[in-house]
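Okay, so here's the structure we're looking at.
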Amino acid sequence: MGGGSAGWLSAAVIAAEHRVESQSLPPIEVLLVESPDVPTIGVGEGTWPSMRETLRRIGLSETDFIRECSASFKQGTFFRNWQTGNGDTYCHPFTIPLGYAETNLAPHWLALTDAPSFADAVTPQTALFAGCLAPKQITTPEYAFVVNYGYHLDAGKFAELLRRHCTGQLGVKHIKANVSRVNAAENGDIRSVTTDRAGEIAGDLFIDCTGTSSLLLGEHFGIPFQSRQSHLLNDTALAAQVPYAAADQAIQSCTHSTAQTAGWIWDIGLPARRGIGHVYSSAHISEDAATAQLLAYIREVAGEKAAGSVVPRKIRFQPGHRRDFWHRNCVAIGMSAGFIEPLEASALVMIELAAGMIAEQLPPTRDVMDVVARRFNRKFSRHWNQIIEFLKLHYVLSARNDSPYWQDNRAAASIPEELSERLSLWSYRSPWHQDAGAVDDLFPTASYQYILYGMGFKTVPQQTFSMRQQQRQASELFRRNAERAAQLQRAMPGNRELLDKVREFGFQKL
Amino acid sequence: MSQYQILNREKHRRLRVRTGSGAALGDAVMYVMTYPMEFRDIQGSYPILFTKDPNTGGFLPVALLGLEAGQNLFLQGERWDATYVPALVQRQPFLIAKSGGSDDRPPVVSLDLDHPRVSEDEGEALFDGEGEPSQFLNSKIALLEKLHRGLQHGGGFIDTLLQHQLLVQVVLDLAFADGSKKTLQGFYCIAEERLHELKGDVLESLNRAGYLQPIFMAVASLSRVRDLIERRNRLRA
């Protein structure tokens, strides 16, 4: 129930997993009921690398996806002004450090006196950012990479492409109607929904993709919403679409995130425009002042004319999530399950993960549904907690003192206990494999390294035998990384050049 | 690098073209493009592989001449040691191309003024004393026309291979007599397993399009890789 990225992506993943090649087996039936009157919020213009596998899994060609969603390549995030506010920068790339499985380069990097930035020292990927270079070449097969990447995309066009793919290729039935009533079965499940123009629609499993209104899980079942604003203060976004200064202007290789006095500004490069927005805490800055900061940024990066023509759209949100996500025969995906600010772009990946788990674990009988539901709830509670912790890490490491916002963000009471514990440990030991909570952790331990050492966190490592043993190996990895970085800078095309070629020739499938 | 100009009787009247073979004439290349109608001649001497055009990512059939960049194992000084020289080598320094714009205009002959074969004082004249095309030029034009027909016919060949998933990546692990080893990457060949699974109607459509024979020619040509290894062994011996 509900369209948008959440509804259509879920429908696609589930329908693709259960499609049958011959008609001999009865396929499961996926129906998507969408209100023709409710506009969708285009949430999430940034994806994780996982989106490549998701798209491949639902049978979309990467060429079609890039052409039809105005997509570009995203290789990570570039942070500015987060540490001191005086022009400091660092990167969180999608590629884990070189040799990460066997060697933890962090303590070796910390011991260097004249080292490049942490990310530059341990991955060749960030060498591509300054030149706006692409993560692959036109000869690289679709969904394959030279360096790991996800996408920036136009969320509205993405939902539209998924809709066409779902209804045209995957046998999803699209019903445009408003749900007027939710009908309970005797056991308390949802039996059906009554619509204004498509009658009564019965189902075995109802997926609530109705956005923040959470019509089924929240409204019908009354599963409470849990605010997490005590940890993450941002609750308002001003989003704008900004034209490029020139049609051939370079397209950035990563999301740019620039800290402000009471929030931060995102800047995402699509082929035909940029998506720029300010996400902030309404308790710490007025809308007028937030708008002024946004326009000042746009003026700086895109010129006076662009700043004069934009009309920012205001989106208010309550950071948090439902207490449970799967209740009886109803599961919420997307904003109906929860929403946290767009830092690190976790909205779409949470949809992919939820839809993926439902598709794989689709309960064949009602009896086992409760088992799947419990497992789902445990897993996604863990994911939300990790998102909150990981995002919080970006704020607590800041040394900015120019506004109460940054001070409030560092207040001890606002820091999740688990994160405080980890930080005290990380003063003596760099995060590595032992810091992983589970195999399906949302953020790998390497991501913590990129944020910690990008933000200037000091670990005073304990010299151990194995560390001394690996000294030579570490120097060799640093050397190989620098060599690979130089090689990639020579070999990789610009993002715009490659996207133009994808438009003209497309990627090969092999 | 290259400077192509449409061949012009007045402008290029004094130009000559060096014939023969040699690294100095631009022949030291690892592979050269070919096309299905040429496969019969190619497979007698060279392995036929497929590689991607670095500019478009599209697949091209190529005759493999060497085992590393810039190496042509068939070049022995000024001699090309094979019974057949690929048409895309023979055509140098000429090119046949659509004269921009509409598709129905006849293709035009161009030449690369920066090609080492182009000279003002050495080689075969392009035009005779009266400004008429020389016999040499006429023979090259005939070759280019043949090439043009071949490339047009071959246009649908790759699409057909991809449609039936008949291309597969191949990594050539080569071991030489001196004990050294080399891995050749970036090439594709006919997927023989898929080929043997093809049903009658598909085989018939391939045959009608004139693609079935070249497919088997390409498969057979892979035995020529052994000859390249032998040539490389003799080089170092």
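Here the protein sequences line up with chains C and W, keeping their order.
Our numbering applies: residue 1 is where the first sequence begins, and numbers increase by one.
Our numbering applies: residue 1001 is where the second sequence begins, and numbers increase by one.
From the three backbone atoms N, C-alpha and C, an ideal C-beta is built for every residue, glycine too.
Since this is a predicted model, take the numbers as computed values, not measurements.
Chain C within 7 Å of residue i, Cβ atoms only
i	result
P1054/W	yes
G1240/W	The structure shown does not extend to residue 1240/W, since chain W spans only 1001 to 1237, so no value can be given for it.
Cutoff 7 Å; reference residue i; Cβ partners in own chain excluding five residues on either side
i	result
M369/C	N329, P363
G548/C	Given a span of 1 to 510 for chain C in the structure shown, any question on residue 548/C remains unanswerable.
F1039/W	I1048, P1214, M1217, A1218
G338/C	G320, H321, R322, W384
Y90/C	F79, S117, A119, G454, M455
L1025/W	R1018, P1116, R1117
Neighbour flag for residue i against chain W, beta carbons, 7 Å
i	result
Q508/C	yes
T464/C	no
F505/C	yes
T365/C	no
I138/C	yes
7 Å Cβ cutoff met for residue i and residue j
i	j	result
N377/C	W326/C	yes
L1222/W	L1067/W	no
C132/C	Q252/C	yes
Q229/C	Q260/C	no
Q1071/W	M1030/W	yes
T210/C	M455/C	no
G1057/W	I66/C	no
R1013/W	E1120/W	no
V1109/W	F1094/W	yes
S336/C	S214/C	yes
R1016/W	A1142/W	no
K458/C	L419/C	no
I223/C	L216/C	no
P135/C	Q75/C	yes
G356/C	V13/C	yes
N1233/W	A1175/W	no
T445/C	P461/C	no
L1137/W	R1091/W	no
Y280/C	T236/C	yes
A399/C	T84/C	yes
R164/C	A177/C	no
Spatial neighbours of residue i in its chain, beta-carbon cut-off 6 Å, leaving aside the 5 residues before and after
i	result
F507/C	E62, T63, E142
L1206/W	L1212
D346/C	Checking the sequence shown, residue 346/C turns out to be Ser, not Asp. Result list for S346/C: I387, in chain order.
W1080/W	S1021, F1074
V1089/W	V1032
Residues that residue i bridges to, as DSSP identifies them
i	result
M1033/W	V1062/W
S192/C	N183/C, A202/C
C69/C	Beta-bridge pairing links C69/C to no other residue.
V331/C	I207/C, W326/C
V1108/W	A1097/W
Q226/C	H321/C
Q1005/W	L1111/W
K74/C	G150/C
L1167/W	I1190/W
S398/C	DSSP lists no partner for S398/C.
H256/C	F78/C, D267/C
For residue i, the nearest candidate out of the options (CA to CA)
i	options	result
F1059/W	V1219/W, F1187/W, E1230/W	F1187/W
L1167/W	R1226/W, K1052/W, M1037/W, H1148/W	K1052/W
G99/C	I66/C, S35/C, A474/C, V179/C	A474/C
W406/C	G76/C, S346/C, E45/C, W82/C	W82/C
F158/C	T464/C, P342/C, L9/C	L9/C
H1153/W	L1007/W, Y1035/W, T1019/W, A1063/W	Y1035/W
I1096/W	R1149/W, E1192/W, T1019/W	R1149/W
L488/C	V502/C, H108/C, L128/C, A359/C	L128/C
D267/C	G46/C, P39/C, Q471/C, V38/C	G46/C
C254/C	F206/C, E504/C, P49/C	P49/C
H92/C	A250/C, H256/C, Q471/C, N234/C	H256/C
A1087/W	Q1135/W, M1037/W, G1210/W, P1133/W	M1037/W
H278/C	E341/C, S5/C, H433/C	E341/C
D248/C	P271/C, A262/C, E160/C, L233/C	P271/C
Cβ shell of residue i (< 8 Å), same chain only, five flanking positions each side left out
i	result
I298/C	A240, V242, I276, A306, A307, V310
L1203/W	L1212
R181/C	V193, T194
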